[in-house]
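The sequence shown maps to residues 1 to 141 in the UniProt record's numbering. Backbone N, C-alpha and C define an ideal beta-carbon position, used for all residues, glycine too. Beneath this line is the structure, given in C-alpha cells, with notes to follow.
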Amino acid sequence: KELAAAASVVQRLYRDRKERRRMMLLRLAQQRAEEETARNRQELEFRSAHMIQSVFRRWVVRRKMQFIEMGMRTVVRRESLEARRKIWRQERDAAAAMAVQTAFRAREARLFFNRQKDVQEHMNQRAASLLAKCKSISTLE
Numbered sequence: 001k002e003l004a005a006a007a008s009v010v011q012r013l014y015r016d017r018k019e020r021r022r023m024m025l026l027r028l029a030q031q032r033a034e035e036e037t038a039r040n041r042q043e044l045e046f047r048s049a050h051m052i053q054s055v056f057r058r059w060v061v062r063r064k065m066q067f068i069e070m071g072m073r074t075v076v077r078r079e080s081l082e083a084r085r086k087i088w089r090q091e092r093d094a095a096a097a098m099a100v101q102t103a104f105r106a107r108e109a110r111l112f113f114n115r116q117k118d119v120q121e122h123m124n125q126r127a128a129s130l131l132a133k134c135k136s137i138s139t140l141e
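Here you go:
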C-alpha cells in the first residue's frame, strides 16, 4: 500500500514537471512570436518613411541642379522657362504621387501586420484556454 502511494506521488511529481516544462516552452514561443512581429512592423515603418524621404530628396536635388544650370545660362527665353516650369510642376506632382503611393503601401502593410497580430492574439487566447482546461483536468485527477 505504501509502495503504491509512493509510486503515485512520484508519478504526480513527474507529470507536474513535464507540465511545467511544456508551459515554459509555450510561453517562450509566444514571446518569440510577439518580438518577431514587433521587429517586422518597426522595420517596415522605417523603410516606408525612408522611401518617401529619399524620393522627395532626389527630386529636390534635381531641382537644385536645374536652378544652377539656369543660372549659368544668363539668356533664358521666357517661353522655355515657362515650358521648363510646366515640366517641373509635372515632376513635382509625380514625386508627390509616388510618395502618397508609398505611404499607402506602408499603410496596407501595417494593416496586414495588425491582422497577423490579431490572429496571433486569437491563437494565444486559444492556447491559454486549452492550458486552463488541461490544468483543471489535472487538478480533478
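With residue 26 and residue 127 assumed to form a contact (beta carbons below 8 Å), what rounded beta-carbon distance in angstroms separates them? Counted from its first residue, the sequence shown places residue 26 at position 26. Counted from its first residue, the sequence shown places residue 127 at position 127. So it is a contact: roughly 6 Å between Cβ atoms.
Just to confirm my understanding: we take residue 124, look at its own chain, exclude 5 residues before and 5 after, and list those with CB closer than 7 Å. What are they? Within the sequence shown, the letter at position 124 stands for residue 124. Here the set comprises 30.
Drop a sphere of 10 angstroms on the beta-carbon of residue 139, count the other beta-carbons inside from all chains shown, and report buried for 16 or more, exposed for fewer. In the sequence shown, counting from the first residue as 1, residue 139 sits at position 139. Residue 139 should be labelled exposed.
Taking 8 Å as the cut-off, decide whether the C-beta atoms of residue 112 and residue 40 are in contact. Taking the first residue of the sequence shown as position 1, residue 112 is located at position 112. Taking the first residue of the sequence shown as position 1, residue 40 is located at position 40. Contact: no.
So which of 106, 117 and 119 has the shortest CA-CA distance to residue 46? The residue given as residue 46 occupies position 46 in the sequence shown. Across the set 106, 117 and 119, the C-alpha of 106 shows the shortest separation from the C-alpha of residue 46.
Does the stretch 15-26 come within contact of the stretch 78-93, defined as at least 3 CB pairs closer than 8 Å? No, they do not touch.
For residue 95, is the classification buried or exposed, using 16 other Cβ atoms within 10 angstroms of its Cβ as the cut-off for buried? Residue numbering aside, residue 95 sits at position 95 when the sequence shown is read from its first letter. Classification for residue 95: buried.
Quick check: the Cα distance between residue 17 and residue 121, rounded to an integer number of angstroms? By one-based count along the sequence shown, residue 17 stands at place 17. By one-based count along the sequence shown, residue 121 stands at place 121. If you take the alpha carbons of residue 17 and residue 121, they lie about 27 Å apart.
At what residue ranges does the stretch 77-136 contain a whole run of the alpha helix (DSSP H), taking only runs of 4 or more? Annotation: the stretch 77-136 contains no complete segment of the alpha helix (DSSP H) (minimum length 4 residues).
If distances are taken between C-alpha atoms only, which option among 103, 65, 55 and 102 comes closest to residue 92? One-based indexing of the sequence shown puts residue 92 at position 92. Of the residues 103, 65, 55 and 102, the one whose Cα lies closest to the Cα of residue 92 is 55.
Given this structure, state the Cα-to-Cα distance separating residue 88 from residue 67, to the nearest angstrom. Your numbering for residue 88 matches position 88 in the sequence shown. Your numbering for residue 67 matches position 67 in the sequence shown. So the alpha carbons of these two residues sit roughly 11 Å apart.
For residue 117, tell me which candidate among 1, 33, 62 and 129 has the shortest Cα-Cα distance. Sequence index remark: in the sequence shown, residue 117 carries index 117 (1-based). Selected option, being the one with the closest Cα: 33.
Short Cβ contact (8 Å threshold) for residue 110 with residue 44: Residue numbering aside, residue 110 sits at position 110 when the sequence shown is read from its first letter. Residue numbering aside, residue 44 sits at position 44 when the sequence shown is read from its first letter. In contact: residue 110 and residue 44 (Cβ atoms closer than 8 Å).
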